[in-house]
Amino acid sequence: MDPFVRRLVERLHDPSKPLSRNRHFHTFDTPEGRAALKVVRRLRSLQKDILACHAEGFRARIFRHATGKGEHRIELLMERLSGRRVSMLQSDEFELLTALPGVRDALEVFDEAA
Numbered sequence: 000m001d002p003f004v005r006r007l008v009e010r011l012h013d014p015s016k017p018l019s020r021n022r023h024f025h026t027f028d029t030p031e032g033r034a035a036l037k038v039v040r041r042l043r044s045l046q047k048d049i050l051a052c053h054a055e056g057f058r059a060r061i062f063r064h065a066t067g068k069g070e071h072r073i074e075l076l077m078e079r080l081s082g083r084r085v086s087m088l089q090s091d092e093f094e095l096l097t098a099l100p101g102v103r104d105a106l107e108v109f110d111e112a113a
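Residue numbers for the sequence shown follow numbering that gives the first Met the number 0, so the first one is 0 and each next one is one higher.
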């Protein structure tokens with residue numbers, strides 16, 4: 000992940016140093032800014048589903064792939080919807096996800112062979 004995109008994502012998630020999308024519209028009108036907004040929306044959606052699963056008594060399962068790419072596969076079993084959500088994250092995205100409030104405690108991590 001581009002360091003500028005990562006910094007934007009961190010700033011958008013940090014409540015102590017808010018970054019207004021309206022005030023800094025020129026920043027988010029670039030390809031990097033649009034990428035940061037896309038990552039933020041994706042991570043917030045995952046956080047919401049992970050915390051909802053945890054509240055229902057289930058844990059989100061994380062599978063780390065030993066492919067050298069550092070990919071993480073997240074499986075969420077959603078009983079209320081009788082379904083499952085599977086998402087693939089790069090290692091940078093996974094670090095940002097686990098930094099969100101409540102996510103780290105709700106995860107169950109498995110290592111998986113290639």
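Just so you know, even glycine gets a beta-carbon here, dropped at the ideal spot from N, CA and C. Keep in mind the model is a prediction, meaning the values are calculated, not measured.
With a threshold of 7 Å on Cβ separation, who are the neighbours of residue i within its own chain once the five nearest residues in sequence on each side are excluded?
i            : result
aspartate 91 : Met0 and Arg5
valine 102   : Gln46, Ile49 and Leu96
Residues in its own chain within less than 6 Å of residue i by CB, not counting five upstream and five downstream?
i                : result
leucine 7        : Ala35
glutamate 74     : Arg60 and Val85
histidine 53     : Ala105
phenylalanine 93 : His71
glycine 114      : For residue 114 there is no data in the structure shown, the boundaries of the chain being 0 and 113.
Which class does residue i belong to by DSSP, given the choice of helix, strand or coil?
i                : result
histidine 71     : strand
glutamate 55     : coil
alanine 112      : Below a pLDDT of 50, predicted positions are generally treated as unreliable, and alanine 112, at 47, falls in that range; the measurement from the model is reported next regardless. If DSSP states are grouped into helix, strand and coil, alanine 112 belongs with coil.
valine 39        : helix
leucine 88       : strand
glycine 32       : helix
phenylalanine 62 : strand
arginine 22      : coil
leucine 154      : Here the chain has residues from 0 to 113 only, and residue 154 is not among them.
leucine 106      : strand
proline 2        : helix
Report the option in the options whose CA atom is closest to the CA atom of residue i.
i            : options                        : result
glutamine 89 : Asn21, Ile61 and Phe3          : Ile61
valine 85    : Leu96, Arg41, Glu94 and Arg72  : Arg72
valine 38    : Arg103, Glu74, His12 and Leu76 : His12
proline 14   : Pro100, His25 and Asp104       : Pro100
alanine 51   : Glu107, Glu78, Ser19 and Leu18 : Glu78
Can you give the beta carbon distance from residue i to residue j, rounded, assuming they're within the 8 Å contact cut?
i            : j                : result
arginine 135 : phenylalanine 24 : This structure cannot settle anything about residue 135, because the visible part of the chain is limited to 0 through 113.
glutamine 46 : leucine 96       : 7 Å
glutamate 31 : phenylalanine 57 : Going by Cβ atoms, the distance from glutamate 31 to phenylalanine 57 rounds to 36 Å, so no, they are not a contact pair.
Just to check, is the beta-carbon of residue i closer than 7 Å to a non-hydrogen atom of the ligand ADP?
i             : result
methionine 77 : Questions concerning the ligand ADP fall outside what the structure shown contains, since it holds no ligand whatsoever.
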